[in-house]
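Engineer:
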DNA sequence: TACATAAACAATTATGATTATCGTTTTTTG
DNA sequence: CAAAAAACGATAATCATAATTGTTTATGTA
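Residue numbers (our numbering), protein chains in the order written: chain A, 206 to 347; chain B, 206 to 347.
1. Quick check for students: name the residue ranges of the alpha helix (DSSP H) that lie wholly in the segment 211 to 235 of chain B, counting only runs of 4 or more.
2. So is residue 279(A) buried or exposed if we call it buried at 16+ other beta carbons inside 10 Å?
3. Does the CB of residue 299(B) have a neighbour CB from chain A at under 9 Å?
4. Compare the C-alpha of residue 263(B) against each of 308(B), 251(B), 306(B) and name the closest.
5. Would you decide whether residue 211(A) is buried or exposed? Buried here means 16 or more other CB atoms lie within 10 Å of its CB.
6. Just to confirm before moving on: does the CB-CB distance between residue 232(B) and residue 272(B) stay below 9 Å?
7. Would you call residue 235(A) buried or exposed, if buried means 16 or more other Cβ atoms sit within 10 Å of its Cβ?
8. Using 10 angstroms around the beta-carbon of residue 253(B), count the other beta-carbons present and answer buried if the total reaches 16, otherwise exposed.
9. Here's the rule I'm using: 16 or more other beta-carbon atoms within 10 Å means buried, otherwise exposed. How should residue 339(A) be labelled?
10. Tell me which residue opens and which closes the beta strand (DSSP E) that residue 321(A) is part of.
11. By DSSP's criteria, residue 275(A) is part of a beta bridge. Which residues make up the other side?
12. What in chain B is Cβ-close to residue 312(A), meaning under 9 Å?
13. Given this structure, state the Cα-to-Cα distance separating residue 306(A) from residue 242(B), to the nearest angstrom.
14. Between residue 229(B) and residue 291(B), what straight-line distance do the alpha-carbon atoms span, to the nearest angstrom?
15. Find the residues of chain A that neighbour residue 268(B), judging by a C-beta separation of less than 8 Å, and give them in chain order.
16. Which of the three DSSP states is assigned to residue 306(A) in this structure?
17. Going by alpha carbons, who is nearest to residue 246(B) out of 316(B), 214(B), 294(B), 285(B)?
18. Within the 9 Å Cβ cut-off, does residue 219(A) reach chain B?
19. Within the continuous beta strand (DSSP E) that includes residue 285(A), where are the two ends?
20. Ends of the beta strand (DSSP E) at residue 295(A)?
21. So residue 320(A) packs on residue 322(B), CB below 8 Å; how close in whole Å?
22. Please name the residues in the segment 269 to 293 of chain B whose beta-carbon is closer than 9 Å to at least one beta-carbon of chain A, in chain order.
23. So which of 284(B), 313(B), 221(B), 257(B) has the shortest CA-CA distance to residue 297(A)?
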């Protein structure tokens, strides 16, 4: 596996991703950085996210409304995706999945690198909004 | 929720999906059907899959190499995605996820519609191939 | 520090899956 | 069967992501 060189912008992509828990899209990261670095390219975000993923520094959580969502926290944990506003929350309370990968490996004679556990539904916020206010997915909700 | 009318081709899409366990792409279904119905449109496959999904007759499993993969079996079960050949297998041996959705609902004050559990790794077939033979993803492996 | 090499960059273009449009055909309903 | 509604094929549009290109920036060595 290739070793990545240092670059200010590359670091910035990883920093932004690590500084948030919204599990953003590539575009969201781009928008955050183009204010700081006026010459920033969306391609740079995609390129580096995909390199980071290759290196195991970043993980993809789910595709929501056709856009990939990224997470800078690579320790195993589950996620909750709100079908209404598109927000993604971490689920850290499930520690009973230990040994699951090994069990699958034994039963199916395969090699398991990881698993993804994702719950889909309506988040607490949206649940308590009046249904008339249910906002369509937008940038704000990432 | 809208009730769907009958149409021969609509039925064919669902039948093809239900008759296989490869968790195909829309294109795969299209290729199967255009031999039987020479005038078949890929748009019809997409249109109906998305209607079926809306009706709960079909479920999307994962996006592999940029293509959505569909399943006609809607009872809760997990999947294994091979990162090498792109094949998807059913994992039916995990019955310990019962009550999981309710647990999340209580802990996070949300509404859980479903959850998706997906293992990623190298399938038994690919594991036993010599590494030189590791085929890139192609149509055949869908 | 200066040079050579490799990697990273912005900008642009290309790709390719999915969705929308629209005029025609099929299905439903009465 | 006729009118209305829905589904269709063909095609064009969208839009997220990937690849390309020429330039700039890091890195390693002398």
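Here a beta-carbon is modelled for each residue, glycine too, at the ideal position from N, C-alpha and C.
Everything numeric in this text was worked out from a predicted model, so none of it was measured.
Structural biologist: A quick look at the data gives this:
1. DSSP runs (the alpha helix (DSSP H)) wholly in the segment 211 to 235 of chain B: 213 to 223.
2. Residue environment: residue 279(A) is assigned as exposed (fewer than 16 neighbouring CB atoms within 10 Å of its CB, all protein chains considered).
3. Taking Cβ atoms only, chain A reaches closer than 9 Å to residue 299(B), which makes this a yes.
4. Out of 308(B), 251(B), 306(B), 251(B) has the C-alpha closest to the C-alpha of residue 263(B).
5. So residue 211(A) counts as exposed.
6. In this structure, residue 272(B) lies closer than 9 Å to residue 232(B) by Cβ.
7. Its Cβ being crowded by 16 or more others within 10 Å, residue 235(A) is buried.
8. Residue 253(B) is buried by the Cβ-count criterion.
9. Reliability of the predicted coordinates at residue 339(A) is poor, the pLDDT of 43 falling under 50, and the value obtained from them is presented with this limitation in mind. With fewer than 16 other Cβ atoms inside 10 Å of its own Cβ, residue 339(A) counts as exposed.
10. For residue 321(A), the enclosing beta strand (DSSP E) stretches over residues 316 to 327.
11. Its beta-bridge partners are 265(A).
12. At a C-beta separation below 9 Å, residue 312(A) has these neighbours in chain B: 296, 298.
13. Between residue 306(A) and residue 242(B), the C-alpha separation is close to 43 Å.
14. Near 10 Å, if we compare the C-alpha coordinates of residue 291(B) and residue 229(B).
15. The answer, in chain order, is 268.
16. Note: residue 306(A) maps to helix in three-state DSSP.
17. Answer by Cα proximity: 214(B).
18. Closer than 9 Å: no.
19. It spans 283 to 287 - the beta strand (DSSP E) in which residue 285(A) sits, taken as one unbroken run.
20. Note, residue 295(A): beta strand (DSSP E), 293 to 296.
21. So it is a contact: roughly 7 Å between Cβ atoms.
22. Residues of the segment 269 to 293 of chain B with a Cβ closer than 9 Å to any Cβ of chain A, in chain order: 273, 283, 285, 287, 288.
23. A check of alpha carbon separations from residue 297(A) across 284(B), 313(B), 221(B), 257(B) identifies 313(B) as the nearest.
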